[in-house]
Amino acid sequence: MSTPVVHAALNFTLTGRTALVTGAARGIGHAIATALGQAGARVGVCDLDAEAAEAAAARLREAGIEAVGVGADVADEVQVQAMVNQVEALLGGVDILVNNAGIVSTGPLLEVTTAEWNRVMAIDLNSVFFCAKAVLPGMIARQSGRIINIASVAGKRGGGLLGNSCYAAAKGAVIALTKGLAREAGPYAITVNAVSPALTDTEMTSALAPQARAEVLAQMPLGRAGTPRDIAAAVCFLASREAGFVTGEIMDVDGGFMRD
Ligand SMILES: NC(=O)c1ccc[n+]([C@@H]2O[C@H](COP(=O)([O-])OP(=O)(O)OC[C@H]3O[C@@H](n4cnc5c(N)ncnc54)[C@H](O)[C@@H]3O)[C@@H](O)[C@H]2O)c1
Ligand SMILES: CC(C)C1=CC=C(C(=O)O)[C@@H](O)[C@H]1O
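Read in the UniProt record's numbering, the sequence shown has 183 at position 183, and its numbers run on one by one without any break.
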């Protein structure tokens, strides 16, 4: 038997790392950008709404975080490459990519137009492909990196109460892409994981009818909706050096919703 030792203290600081968070002007993305910055990272705050992205970055700077706001539509590959170029020029190579930007569509499949289907797929799924492609060459060159995708319990369950089939299909594909890319990127010491929230209080869910909300909460053992900070905490762990042996994981942060 080996002699017991006192192990080195765990260190969750992100000092010296550059993070890029999409859809970070508000909601879950803003909480993630704030938490990564508070842990020491320099943060690229990306959003479709360029003014809101800059305003969010300014709030982070006021809190002592090095941050830049960048306007980009993550559904557009050319804009994604320009966004990554801008962040890397100002803050250094992206060490941590958080694919958070997303939209939800509601209602049964027969009511979803082809245009709506295409927009959900473009923003919720294609963006993950575009953003990963844009940051991976730098991560491979540096032999390190963290990619964290925000999925959804809808992607595991196939929708139902929690988003419709179209949204669920996009998030289900994000989960499959996370697992596949984890296999591809592992040899370069790059981890790829997803955080899978259930109902979380943000603007996205603010219009949910009280009855529907009560039905969802009744299925959550903890009996409350998630907060953006709940999701940010999980992302910070996965972004840390200490999570270097976790990859291909789809981490439920869902108040127990997915438990059997
Ligand atoms: N809120 C929930 O209950 C919940 C549950 C599970 C998963 N999620 C996922 O979490 C993520 C964040 O959701 P949220 O609740 O904070 O949403 P939100 O609507 O409050 O915020 C989304 C942000 O993404 C930005 N955005 C939208 N389209 C974009 C685009 N094309 N390019 C760049 N930015 C864009 C918006 O401007 C907004 O700032 C999404 O991927 C969502 O699917 C949310
Ligand atoms: C707006 C409402 C139907 C909703 C949006 C997104 C979800 C998700 O899981 O991503 C939901 O939980 C859901 O309540």
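For every residue, glycine included, the Cβ atom is placed at its ideal position computed from N, Cα and C.
Inset, instruction - Could you spell out the range, first to last residue, of the beta strand (DSSP E) harbouring residue 144? - result: Residue 144 sits at position 144 when you count from the first residue of the sequence shown. Looking at the DSSP string, residue 144 is not in any beta strand (DSSP E), and its letter there is neither H nor E.
Inset, instruction - Put residue 27 into one of helix, strand or coil per three-state DSSP. - result: Taking the sequence shown and counting its residues from 1, the one referred to as residue 27 is at position 27. In the structure shown, residue 27 sits in a helix (DSSP, three-state: H, G or I).
Inset, instruction - List the endpoints of the continuous alpha helix (DSSP H) containing residue 61. - result: Taking the sequence shown and counting its residues from 1, the one referred to as residue 61 is at position 61. Looking at the DSSP string, the run of the alpha helix (DSSP H) that includes residue 61 is 50-62.
Legend entry - Unbroken stretches of the alpha helix (DSSP H), 4 residues or longer, contained in the region 77-158: 77-91, 114-120, 127-142, 153-157
Legend entry - Option nearest residue 135 by Cα separation, candidates 85, 114, 259, 8: For the purposes of this step, residue 135 is identified with residue 135 of the sequence shown, where counting begins at 1. Comparing Cα positions, the closest option is 85.
Inset, instruction - For residue 108, I'd like the list of residues in its chain whose CB is within less than 7 Å of its CB, leaving aside the five on either flank, ordered along the chain. - result: By one-based count along the sequence shown, residue 108 stands at place 108. Hits under 7 Å: 164.
Legend entry - residue 194, DSSP secondary structure in three states: Walking along the sequence shown from the start, residue 194 turns up at place 194. Residue 194: strand per DSSP, three-state reduction.
Legend entry - Delimiting residues of the alpha helix (DSSP H) encompassing residue 65: In the sequence shown, residue 65 corresponds to position 65, counting from 1. Note, residue 65: premise wrong, no alpha helix (DSSP H); not H, not E.
Inset, instruction - Measure the CB-CB distance between residue 123 and residue 75 and report whether it falls below 8 Å. - result: Taking the first residue of the sequence shown as 1, we reach residue 123 at position 123. Taking the first residue of the sequence shown as 1, we reach residue 75 at position 75. It is a contact, given that the beta carbons lie within the stated cut-off.
Legend entry - First and last residue of the uninterrupted beta strand (DSSP E) at residue 18: Within the sequence shown, residue 18 is the residue found at index 18, counting from 1. Element bounds for residue 18: 18-21.
Legend entry - residue 216 to residue 199 span [Cα, whole Å]: Here residue 216 refers to the residue found at position 216 of the sequence shown. Here residue 199 refers to the residue found at position 199 of the sequence shown. Residue 216 and residue 199: Cα-Cα distance of roughly 8 Å.
Inset, instruction - Using beta-carbon positions only, say whether residue 16 and residue 45 come within less than 8 Å of one another. - result: Counting from 1 along the sequence shown, the entry for residue 16 is found at position 16. Counting from 1 along the sequence shown, the entry for residue 45 is found at position 45. Cβ atoms of residue 16 and residue 45: not closer than 8 Å.
Inset, instruction - Provide the residue span of the beta strand (DSSP E) that contains residue 298, from first to last. - result: The structure shown has nothing for residue 298, since the chain only spans 1 to 260.
Inset, instruction - Mind checking which residues open and close the beta strand (DSSP E) that includes residue 253? - result: Looking up residue 253 in the sequence shown gives position 253. Segment 250-253, the beta strand (DSSP E) holding residue 253.
Inset, instruction - List the endpoints of the continuous alpha helix (DSSP H) containing residue 211. - result: The count along the sequence shown starts at 1 and reaches residue 211 at position 211. Where residue 211 is concerned, the enclosing alpha helix (DSSP H) stretches over 210-217.
Inset, instruction - From the DSSP output, in three-state form, read off residue 256 for me. - result: Against the sequence shown, residue 256 aligns to sequence position 256. Residue state, collapsed to three classes: coil.
Legend entry - CA-to-CA distance, residue 208 to residue 100, given in whole angstroms: Stepping through the sequence shown from its first residue, residue 100 is reached at position 100. Stepping through the sequence shown from its first residue, residue 208 is reached at position 208. Using only the alpha carbons, I get a separation of about 20 Å.
Legend entry - 8 Å Cβ cutoff met for residue 182 and residue 144: Counting from 1 along the sequence shown, the entry for residue 182 is found at position 182. Counting from 1 along the sequence shown, the entry for residue 144 is found at position 144. No; because the gap between Cβ atoms is not below 8 Å, this pair is not in contact.
Inset, instruction - Report the three-state DSSP secondary structure of residue 180 (helix, strand or coil). - result: The residue you call residue 180 lines up with position 180 of the sequence shown. Helix.
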